[in-house]
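S.K.:
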Amino acid sequence: MLHRVPIVARTRPIACQLQFSRFNSSIKDSVKKVAHDAKETLQEQTETFTQKAKEGAETIASQFKQEKNINSTVLQKYKDQLLKKAKELGVSNIDELREKYKDQIEKVRSELGAVDPLETIKKWEQEQEKDKSDGSVINVRSPRDKTAEKAPYKKLDDYIDVEKVKPLPRDQIELIWKTRFQNDPRSLHAVINNQQFEEITQNASEYPFFLLPLPKTNEKDEHKGYQLEFVQWSFVGANTIHCLFTSLAEYKLHGEFAKPHVVLSFHQDLKNDKDIVLMNGLNEKDGGLTTQEAQLLVLNLQRFYNGKDQKRLALVKDFNTGSENFSVEKLISEATTV
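Under full-length UniProt numbering, the residues of the sequence shown are numbered 1 to 338, in order.
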C-alpha cells in the first residue's frame, strides 16, 4: 500500500538515456520558507514522522525526540543529586542550575555532535530569502484528503503479465516495458540491473530520507536558486519499493499528508529470473515540475545512493544521523558536480 498517495495514472516514456540505465523523462522559483518557526513545526510532527520511518533508519525529527526523552530520563534518575548540587552552588532549583551551566552544556553538546541539520537548512532558506529579488513564491499545494482511503499499491502484474514475460529475453521485456508507458508524457521508466539496484536499496534501507536540490529559473531562464526536495523511501511489499519526492516546504507544512511531486515504483519480480528491476514513475500534473526537473531528481537519486561516490553517500548518511558535517552548500555542490 502506497504510504502517502495513491498512484492512479498510467504513464508514458520520454526517450532519454541516463547513467542509471535508461531513466526516460527529462530538469521555478527558489525555496520559499513556509513555517514561521520550522523547528517547532518539525517537533510537533515528530510522532507522525517516526511512525512513517518504522521500517527504515531514524529520521532527523525522531533524533530530537529521542534526545528529549533521554534528557528527561536522565533528569529523573539524577534529580536528587542535581538538587543537592544546586544547593551547594547557591541556586534553588534545577532550572537555575541548568542556566548557570548553560555555556558548558552547549559546549559539550557541540563536541558530541548534537547538531540539528534542519536548523542548517532553515538558515540556508533564510539566506535564500534575502537574495530573492523577483518576488516569486514557491508553489505550495493543499494537502491530500486526510479522510480518504489509501488505494492499494500497484504491483508489476498490474502493468504486465509477469508469468508470460518471464520466458522472454531481456531485450524483449525492455521493449514491452517501454511500450507500456509510451502514451504518457509525464511518465518515467527504466530497466535496471539487479546488482546495481541492490547497492542502491541497501543504502536506501539504512538511510531512507534525504534532500535533493532542484535548480530553478525564471521566465528569462535566469538562475533563481534552488528548491529543496524531500526524498522518502518506502518498502511497501516483498517485490515493490517506492521512492517519493516532495518539496521540503510542503512536507514541513503538511507532514505525511503532503502531495509528492514524483512517485517512483521499483518492481523486483524478475530480479532472479532475468537479473533486472523494472521502474516506473509519474511526474504529478499539479506538482509544478517539468519533465526535465523530474529527470534530474531521478538521476541525482542514483548518484547519491549507488555508493560509487563516497562524498555523496557521506552526505546521505550525515543527513540521516544528524551529523554536523551536513550542509546545504555541500549538498548543492555535489549535486551539481559531474
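Note that the Cβ used here is the ideal one computed from N, Cα and C, for glycine as well.
In this text, all values refer to a predicted model and were calculated from it rather than measured experimentally.
1) Ignore the nearest five residues each way along the sequence and tell me which others in Asp-318's own chain have a CB closer than 6 Å to its CB.
2) When we look at the beta-carbon of Ser-333 and count the other beta-carbons within 10 Å, is it buried (16 or more) or exposed?
3) Have a look at Asn-306 and Asn-183 and give me their C-alpha separation to the nearest angstrom.
4) If the criterion is Cβ atoms closer than 8 Å, does the pair Leu-282 and Leu-156 meet it?
5) CA-CA distance, Ile-173 and Ser-323?
6) According to the Cβ coordinates, are Glu-229 and Leu-297 closer than 8 Å?
7) Measure from the alpha carbon of residue 342 to the alpha carbon of each residue in Leu-270, Thr-336 and Asn-280, then state which is nearest.
8) On the criterion of 16 or more Cβ atoms from any shown chain inside 10 Å, does Thr-337 qualify as buried, or is it exposed?
9) Are Glu-293 and Pro-260 close, meaning C-beta to C-beta below 8 Å?
10) If you run the structure through DSSP and keep just helix, strand and coil, what is Asn-193?
11) Just confirm the distance between the C-beta atoms of Leu-188 and Leu-299, as a whole number of angstroms; I'd bet it's less than 8 Å.
12) Going by C-alpha to C-alpha distance, which of Ile-160, Tyr-159, Asp-95 and Arg-170 sits closest to Ile-276?
13) What did DSSP end up calling Glu-324 once you bin it into helix, strand or coil?
14) Buried or exposed: where does Asn-320 fall if 16 or more other Cβ atoms within 10 Å of its Cβ makes it buried?
15) DSSP has Ile-276 in a bridge; who is on the other side?
16) If the criterion is Cβ atoms closer than 8 Å, does the pair Leu-331 and Leu-211 meet it?
17) According to DSSP, Thr-240 sits in a beta bridge with which residue or residues?
18) Spatial neighbours of Ala-335 within its chain, please: CB distance less than 6 Å, with the 5 preceding and 5 following residues excluded, ordered by chain position.
19) List the DSSP bridge partners of Pro-213.
20) In terms of residue numbering, what span does the alpha helix (DSSP H) encompassing Glu-284 cover?
21) Spatial neighbours of Glu-309 within its chain, please: C-beta separation below 8 Å, excluding the five flanking residues on both sides.
22) Go to Ala-294, then tell me how far its alpha helix (DSSP H) extends in each direction, as first and last residue.
23) State the CB to CB distance for the pair Pro-215 and Thr-291, rounded to an integer number of angstroms; the pair is presumed to be in contact (CB under 8 Å).
24) Classify Gln-295: buried if its beta carbon has 16 or more other beta carbons within 10 angstroms, exposed otherwise.
25) In this structure, how does DSSP classify Phe-181 when only helix, strand and coil are distinguished?
26) Report the partner residues of Ser-245 according to the DSSP bridge assignment.
27) Within 10 angstroms of the Cβ of Glu-250, are there 16 or more other Cβ atoms? Answer buried if so, exposed if not.
28) Quick check: residue 341 and Asn-280, are their CB atoms within less than 8 Å of each other?
29) Quick check: what's the CA-CA separation for Ala-190 versus Glu-99?
30) For the alpha helix (DSSP H) that Lys-164 lies in, which residues bound it at each end?
M.R.: In terms of the structure at hand:
1) Asn-325 and Phe-326
2) exposed
3) 30 Å
4) no
5) 43 Å
6) yes
7) Missing from the structure shown is residue 342; the chain here goes from 1 to 338 and no further.
8) exposed
9) no
10) strand
11) So it is not a contact: roughly 11 Å between Cβ atoms.
12) Arg-170
13) coil
14) buried
15) Asn-193
16) yes
17) His-267
18) Pro-213 and Asn-300
19) Leu-228
20) Note, Glu-284: premise wrong, no alpha helix (DSSP H); not H, not E.
21) Note on identity: in this sequence residue 309 is Asp, with Glu being the wrong assignment. Within the same chain, Asp-309 has close Cβ partners Arg-303 and Glu-334.
22) 291 to 305
23) Not quite, the Cβ-Cβ distance comes to about 15 Å (not below 8 Å), so this is no contact.
24) buried
25) coil
26) The question names Ser, yet the displayed sequence has Phe at residue 245. The partner list for Phe-245 (beta bridge, DSSP) reads Val-231 and Val-262.
27) buried
28) The chain is shown only over 1 to 338; residue 341 falls outside these bounds and no answer can be derived.
29) 57 Å
30) 162 to 165
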